[in-house]
Amino acid sequence: MSDEYEMTLSVRLPGPLSDGELAGLRWHLGIGPRPAGPGGPDPLLADCGTLTEAPDGWTLTAHREVHPDEFDDLGILLRRLATRTGVQGPVVVGQLRFHESEVAEPLVVRRDTVEWPA
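Take the working numbering: the last position of the sequence shown gets the number 118, and nothing is skipped along the way.
Laid out in structure tokens, this is it:
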């Protein structure tokens, strides 16, 4: 039996992104080199997402299968993204669906905590 989940992200990032933010997101998407600084996880969204510039900001979308073993590393990225949205309170960054379920649940960051399934 598999513990895989289908994760779909859609995050609106208003305003300009710093060079460091862009470099980090491009690296996670597999379209840029690893940014300078301490090492971290492998790219988390490589070959499964896009970062699109809009007149008033950026949009990050991604779709991939994830395992609960990846939740900690993904949580770091999702918390950063949620903070960058400028939304006060809970931020829905996408949805998560257990592989045997027909229904996806909102993927929420609340008070700097990702609400992963129990």
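Heads up, the beta-carbon is just placed ideally off N, CA and C, and yes, glycines get one too.
Taking a cut-off of 8 Å on C-beta distances, the segment 42 to 62 does not touch the segment 97 to 104, as fewer than three cross pairs fall below it. Contact between V91 and P106 does not hold, since their C-beta atoms are separated by about 10 Å, which reaches or exceeds 8 Å.
Per DSSP, reduced to three states, the secondary structure at E21 is helical. For G49, there is no enclosing alpha helix (DSSP H); the residue is found in the beta strand (DSSP E) stretching over G49 to A54. Less than 7 Å divides the Cβ of G57 from the Cβ of L13. Per DSSP, T85 is not a residue of any beta strand (DSSP E), being assigned neither H nor E.
Counting the other CB atoms within 10 Å of its CB gives G20 a total below 16, which places it among the exposed residues. Annotation: D112 to R34 spans about 25 Å, alpha carbon to alpha carbon. If you draw a straight line from the Cα of S18 to the Cα of G86, it comes to about 15 Å. T61 and D73 have their alpha carbons spaced roughly 18 Å apart.
The straight-line gap separating the alpha-carbon atoms of L78 and P55 is approximately 23 Å.
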